[in-house]
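Chemist: Numbering (the UniProt record's numbering), first residue to last: 1 to 185.
After the structure tokens below, expect a handful of questions from me.
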Amino acid sequence: MVRDYLRATQENTDPAKFFNAVLKLKTIKRQGWKDRLAMKNPESVAEHCFAMSAIAMAIADEENLDTLKIVKMTILHDLAESIVGDLTPNQVTKPEKIRLENDAMKKILKTLPQKLQKDYWQLWQEYQKKTTKESVFVHRIDKLEMALQAKVYAKIYSKKKLQPFFESARSEISGSTLARFIPDL
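Structure (structure tokens):
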């Protein structure tokens, strides 16, 4: 551990900045819930990522997937939001979002030792491009978590307003083994 810290210092990195980016996700609220439901206190991005990680871990283990890789992807998948915020399609175009998030992720990862920068960047790019079964699985888990959270919110908010969240999840997940977990509204 001390050796890793010294190597990081020699590489002119500062892992504490990475940790701060992770912690900042606790303060960033999920924009879709705010916009569609006018929620004052929706789940944070960190809460979303944690739920995704736990759900992904259990299902990936059951389906004999590369669980460690998947959990790392779920942790990294929204990390850029610590800089750019939780951007929705109403706020920015898809190409602009990709550019902003790529720039943010590079800034965050450059605080880590070189090997971690490379490994985490590759995982994040794999997730973005949906090039492997693990990255497709994580995208589906993202939608599944959203549907499960919508079910929680359905106890308080209009089911009509929540319907688009369920439809989006069903569209992404239908035909996969995850479809069985989508709750009914």
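The beta-carbon is built from N, C-alpha and C at its ideal position, and this holds for glycine as well.
Quick check on E81: buried or exposed, where buried means 16 or more other Cβ atoms within 10 Å of its Cβ?
Modeler: Mapped onto the sequence shown, residue 81 falls at position 81. Counting Cβ neighbours within 10 Å, E81 comes out buried, since at least 16 surround it.
Chemist: By Cβ distance below 7 Å, which residues in the same chain neighbour T67 in space, the five residues on each side in sequence not counted?
Modeler: Taking the first residue of the sequence shown as position 1, residue 67 is located at position 67. If we look at T67 and ignore the five residues flanking it on each side, its Cβ neighbours are M57, A60 and D61.
Chemist: Note down, in chain order, each residue of its chain lying with its Cβ closer than 8 Å to the Cβ of residue 211, except the 5 sequence neighbours on either side.
Modeler: As shown, the chain starts at 1 and ends at 185. That puts residue 211 outside it, with no answer to give.
Chemist: Assuming A38 and L79 make a contact with CB atoms under 8 Å, what is their CB distance in whole Å?
Modeler: Here residue 38 refers to the residue found at position 38 when the sequence shown is read from its first residue. Here residue 79 refers to the residue found at position 79 when the sequence shown is read from its first residue. About 27 Å; that fails the 8 Å criterion.
Chemist: When DSSP builds the beta bridges, which residues end up paired with S44?
Modeler: For the purposes of this step, residue 44 is taken as the residue at position 44 of the sequence shown. Per DSSP, K29.
Chemist: For the alpha helix (DSSP H) containing residue 192, name the first residue and the last one.
Modeler: In the structure as shown, the chain begins at 1 and stops at 185. Residue 192 is therefore absent and cannot be evaluated.
Chemist: Applying the 10 Å Cβ sphere with the 16-neighbour rule, what's the burial state of V152?
Modeler: As a position in the sequence shown, residue 152 is number 152, starting the count at 1. Per the 10 Å Cβ criterion, exposed.
Chemist: Return the residue from the list I98, L87 and Q122 that minimises the CA-CA distance to L109.
Modeler: For the purposes of this step, residue 109 is identified with residue 109 of the sequence shown, where counting begins at 1. The candidate whose alpha carbon is nearest that of L109 is Q122.
Chemist: Classify T111 as buried or exposed, calling it buried when 16 or more other Cβ atoms lie within 10 Å of its own Cβ.
Modeler: Within the sequence shown, the letter at position 111 stands for residue 111. T111 comes out buried.
Chemist: Quick one: measure Cβ to Cβ for residue 191 and L162, integer angstroms, because I've assumed they're closer than 8 Å.
Modeler: For the chain, the structure presents residues 1 to 185; residue 191 sits outside this window and is missing.
Chemist: Between A104 and the rest of its own chain, which residues show a CB-CB distance below 7 Å, the 5 nearest in sequence each way excluded?
Modeler: Reading the sequence shown from its first residue, position 104 is the one you call residue 104. If we look at A104 and ignore the five residues flanking it on each side, its Cβ neighbours are A80, I83 and V84.
Chemist: In the structure shown, what three-state DSSP assignment does E96 receive?
Modeler: As a first step, residue 96 is located in the sequence shown; it is residue number 96 there, counting from the start. DSSP places E96 in helix when its eight states are reduced to three.
Chemist: Ends of the alpha helix (DSSP H) at L68?
Modeler: Position 68 of the sequence shown, counting from 1, holds the residue named residue 68. Unbroken alpha helix (DSSP H) run through L68: T67 to L76.
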